[in-house]
Amino acid sequence: MTAPVLEATNLSKEFPVHGRGSRGTTVKAVQNANVTLHKGSIVALVGESGSGKTTVARMLALAYPQTAGTIRLNGAEVSHARNAERSYFRQVQLIFQDPFASLNPLHKVRYTLGRALRIHQRTLRGKELEEQTLELLRKVNLTPVEQFIDKFPHELSGGQRQRIVIARALAVRPSVLLGDEPISMLDVSIRLDILNLLAKLRDEEGLALLYITHDIASARYLCDTIQVMYAGQMVEGGPRDSVIQSPKHPYTKLLLDSSPDPGRSLRSGDTGLFDVADDLGEPPNLVDPPSGCQFHPRCPFAMDECRQTFPERTEFPDGQWAHCWLHQKDRGHVLEGKP
Amino acid sequence: MNEVLLEVDGLTVEYLSQTGSVKACADVSFTLHRGQILGVAGESGSGKSTLITALTRLQRPPAVTSAGRLVYHSSDGDKVDLLTLSERQLRAYRWSELAIVLQSAMDCLNPVMRLGDQFEDVLRYHDPQLTQRQAWERAEELVAMVGIGSDRLRSYPHELSGGMRQRSLIALALACDPDLIVMDEPTTAVDVVMQRQILAQLLQLQDRLGFAVVFVTHDLSLLLELADQIAIMYGGRIVELGSAREIYTAPKHPYTRGLRDSFPPLHGELTTMRGIPGSPPDLRTPPSGCAFHPRCADRLDACDQQIPLLRPVGRNDVACLLYEETP
Chain A
1 MTAPVLEATN LSKEFPVHGR GSRGTTVKAV QNANVTLHKG SIVALVGESG
51 SGKTTVARML ALAYPQTAGT IRLNGAEVSH ARNAERSYFR QVQLIFQDPF
101 ASLNPLHKVR YTLGRALRIH QRTLRGKELE EQTLELLRKV NLTPVEQFID
151 KFPHELSGGQ RQRIVIARAL AVRPSVLLGD EPISMLDVSI RLDILNLLAK
201 LRDEEGLALL YITHDIASAR YLCDTIQVMY AGQMVEGGPR DSVIQSPKHP
251 YTKLLLDSSP DPGRSLRSGD TGLFDVADDL GEPPNLVDPP SGCQFHPRCP
301 FAMDECRQTF PERTEFPDGQ WAHCWLHQKD RGHVLEGKP
Chain B
1001 MNEVLLEVDG LTVEYLSQTG SVKACADVSF TLHRGQILGV AGESGSGKST
1051 LITALTRLQR PPAVTSAGRL VYHSSDGDKV DLLTLSERQL RAYRWSELAI
1101 VLQSAMDCLN PVMRLGDQFE DVLRYHDPQL TQRQAWERAE ELVAMVGIGS
1151 DRLRSYPHEL SGGMRQRSLI ALALACDPDL IVMDEPTTAV DVVMQRQILA
1201 QLLQLQDRLG FAVVFVTHDL SLLLELADQI AIMYGGRIVE LGSAREIYTA
1251 PKHPYTRGLR DSFPPLHGEL TTMRGIPGSP PDLRTPPSGC AFHPRCADRL
1301 DACDQQIPLL RPVGRNDVAC LLYEETP
């Protein structure tokens, strides 16, 4: 395997809590997260809201410094010095969730894209600038390009706006794109278009992509590798099909069982999705997280070890890994049964 | 089960503005039976939320219901057109016959009242004889039905988690034992695990209490697992109506097919999927004829002139010229 483009090791982030009586307390948003992005491949970061997936993306985009851990771009550790940040942004770009809020409504597409081009290529002017702007629009399939270049954001639909946002990110010819729920604000029928566009950029431009989502079905559609986050910790990861077909962490299994999949129930005739009698629990409060494995209060297989220490990483032959005591204690087989 | 609860006939809702009116719901008709779950799926701007507010008569100007009937069949056999009632008469039906659960639980609960007081408010308004004590006891029963401990009644909404708030809204909707609950994207703001739990509870309660549900969402894959009947809306009209199984296995309308194929599967074979090209119509300037024709791959010549009517095709009702018999 080639060397990773972007690599984050043991990334942690704590946010201080303000207010009376909470001096010194922190929200442990992310703990010891590892992310490795390779050229031409897409990693999905899947998790519920509050699991810390956006915090990971923001740290990777240098929106705020990490509390602990290192980020390496092409092998070199990233510093937060101003000049270093600029050259980092030339390589790593972030796409936000809400295409309605991430474009300036007062500016035409020409300006929005042209500005991104000129910030990183100072001498770009006139005809050449226009040509590169049109080229960007072509890359994101907004054709006929001449029609789109002079539009204001309000004249575009949600899907078209998100394409402009992607085009703007591509203006610097980055090697890494970080997509923070890039499709969740869009209408269902146009989501696939954007996913297909991201897949095309991976294949044609060789981009490394981090795709953050709460929708594990779309992660399966787009990505090569899936990592699952729960309450600020990476609990499982590996090749897409292994994670979906044989999840090794009880949380991943819960997530998969809870995702609607009409094919499953209508094919097999059972309505398993809503056949739950027990309380499935809720994610913990990250100001005062549970000890040990954070999932243990909700886990049907919780053991004494789970309440005390966070389990080591267990590696599986095909590259899948999980942080779960079941595998450390050789009890992985209990995951095979019904929840 | 086969008793009719609500007949919607030709319901049309328009938003009036100085530059003309926008038809957000046009000629919507369906019949809801007792104890049935009707799912309504559509994209943003398809008129599904407008339909909800029209069904419950909660719409405010500039929205105006300009045509149609909304015949409600009470359990004692009375039939009444909800659209002809005055606000005062309507009050007898609200909450005790039809209740509503909205998307954003935080906006639906009063932030400065304890949860229990909000239950008491509703219960004692609808039954003035009830003492405060009885009301709180009933409130305890109600929240217990959705798996919330009675100690939580003393909490303020901000002290509850998102899932708990949404569940307490469902409990609140059940307060006066309604026959129909209208739900507008009730689980969009919660995570899939919580969504599964809330809906599992809803189905158990529905099984026990026998109310009917109109469930509106953009998530067709969820409806396919949840609903008995599904109505697909596009551009303010119902374009297809059928059982969940038929909609999934044999969708007739090109839009339904496209929408179904817009959800990547979690299991089974993975192929490149296309979604639906183009974007949903702007109802201020609706396309002529069938609203879907600019995006439709199976377009006929007449599609931009004639608005197709909903008519039975196989086991579904479909509004598409492809299935109109040529005389």
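If you read the sequences in order, they're chains A and B. The opening position of the first sequence corresponds to residue 1 in the working numbering, with each subsequent residue numbered one higher. The opening position of the second sequence corresponds to residue 1001 in the working numbering, with each subsequent residue numbered one higher. All residues carry an ideal CB built from backbone N, CA and C; glycine is no exception. Note that the structure is a prediction, hence the values are computed from the model and not measured.
For residue i, count the other beta carbons within 10 Å of its own beta carbon; 16 or more makes it buried, fewer makes it exposed. Which is it?
i                  : result
Pro-1277 (chain B) : exposed
Asn-1316 (chain B) : buried
Tyr-211 (chain A)  : buried
Thr-961 (chain B)  : In the structure as shown, chain B begins at 1001 and stops at 1327. Residue 961 (chain B) is therefore absent and cannot be evaluated.
Asp-1219 (chain B) : buried
Asp-318 (chain A)  : exposed
Arg-161 (chain A)  : buried
Lys-338 (chain A)  : Since pLDDT at Lys-338 (chain A) reaches only 48, below the 50 mark, its modelled position is unreliable, and the value read off the structure follows with that caveat. By the 10 Å Cβ count, Lys-338 (chain A) comes out exposed.
Ala-81 (chain A)   : exposed
Pro-1128 (chain B) : exposed
Leu-1092 (chain B) : For clarity, residue 1092 (chain B) is Ala in the given sequence; the question names Leu instead. The residue is exposed, with fewer than 16 neighbouring Cβ atoms inside 10 Å.
Gly-1275 (chain B) : buried
Thr-36 (chain A)   : buried
Pro-1312 (chain B) : exposed
Gly-1077 (chain B) : exposed
Val-1013 (chain B) : buried
Output needed for residue i: all residues of its chain with C-beta closer than 7 Å, excluding positions within five of it in sequence on either side, in chain order.
i                  : result
Pro-1294 (chain B) : Gly-1278, Pro-1287
His-1158 (chain B) : Pro-1111
Arg-168 (chain A)  : Thr-112, Leu-113, Ala-116
Can you give the beta carbon distance from residue i to residue j, rounded, assuming they're within the 8 Å contact cut?
i                  : j                  : result
Gly-1314 (chain B) : Cys-1303 (chain B) : About 21 Å separates the two Cβ atoms, so there is no contact after all.
Leu-1224 (chain B) : Tyr-1255 (chain B) : The pair is not a contact, with the Cβ atoms about 15 Å apart (cut-off 8 Å).
Leu-186 (chain A)  : Leu-209 (chain A)  : 17 Å between Cβ atoms; not a contact.
Leu-1222 (chain B) : Phe-274 (chain A)  : At roughly 10 Å, the Cβ-Cβ gap does not stay under 8 Å, so Leu-1222 (chain B) and Phe-274 (chain A) are not in contact.
Ala-1291 (chain B) : Tyr-1234 (chain B) : 6 Å
Ile-42 (chain A)   : Ile-95 (chain A)   : Between Ile-95 (chain A) and Ile-42 (chain A) the Cβ distance is about 13 Å, and since that is not below 8 Å, they are no contact.
Gly-1047 (chain B) : Gly-1236 (chain B) : 4 Å
Gly-159 (chain A)  : Phe-100 (chain A)  : Wrong, their Cβ atoms sit about 12 Å apart, outside the cutoff.
Asp-1261 (chain B) : Met-1273 (chain B) : 6 Å
Gln-1103 (chain B) : Ala-1189 (chain B) : 6 Å
Leu-11 (chain A)   : Ala-44 (chain A)   : Contact flag wrong, Cβ pair sits at about 17 Å.
For residue i, tell me which candidate among the options has the shortest Cα-Cα distance.
i                  : options                                        : result
Phe-301 (chain A)  : A:Trp-325, A:Pro-289, A:Gly-292, A:Thr-309     : A:Trp-325
Ala-1041 (chain B) : B:Leu-1226, B:Val-1193, B:Pro-1265             : B:Leu-1226
Arg-1196 (chain B) : A:Pro-239, A:Glu-282, A:Leu-117                : A:Glu-282
Gly-179 (chain A)  : A:Ser-189, A:Leu-201, A:Val-188                : A:Leu-201
Ser-1066 (chain B) : B:Val-1216, B:Tyr-1015, B:Gly-1045             : B:Tyr-1015
Ser-1074 (chain B) : B:Arg-1094, B:Gly-1068, B:Glu-1087             : B:Arg-1094
Leu-1300 (chain B) : B:Tyr-1072, B:Ser-1168, B:Cys-1320, B:Met-1194 : B:Cys-1320
Thr-1217 (chain B) : B:Gln-1166, B:Ala-1026, B:Ser-1049, B:Arg-1034 : B:Ser-1049
Gln-1118 (chain B) : B:Leu-1058, B:Leu-1310, B:Leu-1142             : B:Leu-1142
Tyr-1072 (chain B) : B:Asp-1282, B:Leu-1098, B:Asp-1127, B:Arg-1257 : B:Leu-1098
Gly-232 (chain A)  : A:Val-92, A:Lys-28, A:Thr-133                  : A:Lys-28
Pro-105 (chain A)  : A:Asn-141, A:Glu-85, A:Arg-122, A:His-154      : A:His-154
His-1033 (chain B) : B:Ala-1144, B:Ile-1181, B:Ser-1161             : B:Ile-1181
Gly-1162 (chain B) : A:Thr-70, A:Thr-67, A:Asn-285                  : A:Asn-285
Thr-1271 (chain B) : A:Glu-236, A:Val-235, A:Leu-192                : A:Leu-192
Ala-1054 (chain B) : B:Gly-1077, B:Asp-1027, B:Gln-1036             : B:Asp-1027
Asp-1191 (chain B) : A:Gly-19, A:Glu-336, A:Gly-50                  : A:Gly-50
Thr-1056 (chain B) : B:Gly-1045, B:Ala-1024, B:Gln-1036, B:Leu-1090 : B:Leu-1090
Leu-156 (chain A)  : A:Asn-74, A:Leu-103, A:Cys-306                 : A:Leu-103
Glu-146 (chain A)  : A:Phe-152, A:Leu-134, A:Leu-256                : A:Leu-134
Asn-1002 (chain B) : B:Thr-1031, B:Pro-1061, B:Leu-1011, B:Val-1193 : B:Thr-1031
Let me check one thing: in DSSP terms, what residues is residue i bridge-paired to?
i                  : result
Ser-1021 (chain B) : B:Leu-1016
Leu-11 (chain A)   : A:Ala-33
His-1073 (chain B) : B:Lys-1079
Gly-1242 (chain B) : B:Ile-1230
Val-230 (chain A)  : Reading off the sequence, residue 230 (chain A) comes out as Tyr, not Val. Paired residues: A:Gln-233.
Ala-63 (chain A)   : BP columns for Ala-63 (chain A) are empty, so no partner.
Ala-1067 (chain B) : B:Thr-1012
Output needed for residue i: all residues of its chain with C-beta closer than 6 Å, excluding positions within five of it in sequence on either side, in chain order.
i                  : result
Ile-1170 (chain B) : Val-1101, Val-1146
Arg-1284 (chain B) : Val-1022
Pro-1327 (chain B) : Because Pro-1327 (chain B) sits at a pLDDT of 44, beneath the cut-off of 50, its placement in the model cannot be relied upon, and the following sentence gives the value as read from the coordinates. Around Pro-1327 (chain B): no qualifying Cβ.
His-1253 (chain B) : Val-1239, Glu-1240, Val-1318, Cys-1320
Might you give, ordered along the chain, the residues of its own chain that have their beta carbon closer than 8 Å to the beta carbon of residue i, omitting 5 neighbours on each side?
i                 : result
Glu-312 (chain A) : His-323, Gln-328
Ser-150 (chain A) : At residue 150 (chain A) the sequence reads Asp, which differs from the Ser that was named. Hits under 8 Å: Lys-108, Val-109, Arg-110.
Thr-2 (chain A)   : His-38, Lys-39
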